[in-house]
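J.: If you scroll down you'll find the structure; I have some questions about it.
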Ligand code: FE
Ligand code: FE
Ligand code: ZN
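In the numbering used here, the protein residues as written are 976 to 1258.
Right, here's the structure in full:
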């Protein structure tokens, strides 16, 4: 069975997201843990969480993915900016434990002039301060497109971060197809080569989730503009090869394409039809 879902709005709570996922034939989803700009998170409502856990349990859900606010920068030169990132990441990880054994994804950040090495050091330092031995949540570093001074647009940079983390069994990677294509990894003409490189540098055992997006811009454009599935420069064929690849097809796939719910429902159907994991999700 293909494990697929999309980004959903968390404004109406966890149970509501579970219901929305079911309504579009998804068996996982992604959500922002709080307002994407990083403001205060709503208090957790136990019954709301229980409602979602029940839906996930009864409908064979794959792990769901909490996404940190994208404005956080744990690699910033500014101490106050780093402290803020740390506070939010820490608090989010506490909240994620209400939904045990799921995934939490963050953007590694930007070094804004102080150099990649320094940025990498600060990011791993932050991870060493927030990870705990007893947490059940896997923390995922997202592969980035390399716009501005973004860290994490090469597999080497991500490996460097992981290498410096003590509790590295709590750390994984979320591969964003739009981002790595924009970063210069040619998943259209050489998916095998890209996966071999990932295996050689990071290790495919670290890959825990895929953001499945088409891209508006060409290879190595460093733009990070997502496009609907099949309407961008990556195209349906390459994205289908990804969901069906023997080394990837067990992973949860998350759409972050420019769509409302009906558009996501269509893309999920399209990809389920194109999946050769053909034992369809059934309710
Ligand atoms: Fe992201
Ligand atoms: Fe993404
Ligand atoms: Zn993006």
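The beta carbon of each residue, even a glycine, is placed where N, CA and C say it ideally should be.
This one's a predicted model, so the numbers in the text were calculated from it and none came from an experiment.
1) My output table needs one value for residue 1077: the three-state DSSP class, helix, strand or coil.
2) Any idea which residues DSSP pairs residue 1151 with across the strands?
3) Does the beta carbon of residue 1042 fall short of 7 Å from some heavy atom of ligand 1?
4) Is the closest heavy atom of ligand 2 to the C-beta of residue 1197 under 7 Å?
5) Would you kindly report the start and end of the unbroken alpha helix (DSSP H) that includes residue 1087?
6) Can the beta-carbon of residue 1140 be found closer than 8 Å to that of residue 1133?
7) With DSSP collapsed to three states, give me the class of residue 1004.
8) Based on Cα-Cα distance, which residue from 1031, 1204, 1055, 1042 lies nearest to residue 1191?
9) Since residue 1113 sits in a beta bridge, which residues does DSSP pair it with?
10) Beta-carbon within less than 7 Å of residue 1048's beta-carbon, same chain only, minus the 5 sequence neighbours each way: which residues are those?
11) So residue 1004 packs on residue 992, CB below 8 Å; how close in whole Å?
12) In three-state DSSP terms, what is residue 1042?
13) Determine the DSSP secondary structure at residue 1302, reduced to helix, strand or coil.
14) With the cut-off set at 8 Å, would you say residue 1116 and residue 1123 are in Cβ contact?
T.: A quick look at the data gives this:
1) Within the chain shown, residue 1077 is the residue found at index 102, counting from 1. Here residue 1077 sits in coil by DSSP.
2) If you number the chain shown from 1, residue 1151 lands on position 176. Note: residue 1151 sits in a beta bridge opposite 1186.
3) Walking along the chain shown from the start, residue 1042 turns up at place 67. Using a cutoff of 7 Å, the CB of residue 1042 counts as near ligand 1, since one of the ligand's heavy atoms is closer than that.
4) Counted from its first residue, the chain shown places residue 1197 at position 222. Relative to ligand 2, even the nearest heavy atom lies 7 Å or more away from the CB of residue 1197.
5) By one-based count along the chain shown, residue 1087 stands at place 112. First-last for residue 1087: undefined, no H or E at that position.
6) Locating residue 1140 in the chain shown gives position 165, counting from the first residue. Locating residue 1133 in the chain shown gives position 158, counting from the first residue. Not in contact: residue 1140 and residue 1133 (Cβ atoms no closer than 8 Å).
7) As a position in the chain shown, residue 1004 is number 29, starting the count at 1. Residue state, collapsed to three classes: coil.
8) On the chain shown, residue 1191 is found 216 positions in, with the first residue counted as 1. Cα-wise, what sits closest to residue 1191 is 1204.
9) Reading the chain shown from its first residue, position 138 is the one you call residue 1113. When DSSP reads this structure, residue 1113 sits in a beta bridge with 1078.
10) For the purposes of this step, residue 1048 is taken as residue 73 along the chain shown, with counting starting at 1. So the list reads 1056, 1060, 1084, 1085, once near-sequence residues are dropped.
11) Reading the chain shown from its first residue, position 29 is the one you call residue 1004. Reading the chain shown from its first residue, position 17 is the one you call residue 992. So it is a contact: roughly 6 Å between Cβ atoms.
12) If you number the chain shown from 1, residue 1042 lands on position 67. Strand.
13) Because the chain here runs from 976 to 1258, residue 1302 falls outside it and cannot be looked at.
14) Here residue 1116 corresponds to residue number 141 of the chain shown, with the count starting at 1. Here residue 1123 corresponds to residue number 148 of the chain shown, with the count starting at 1. The answer is no: Cβ separation not under 8 Å.
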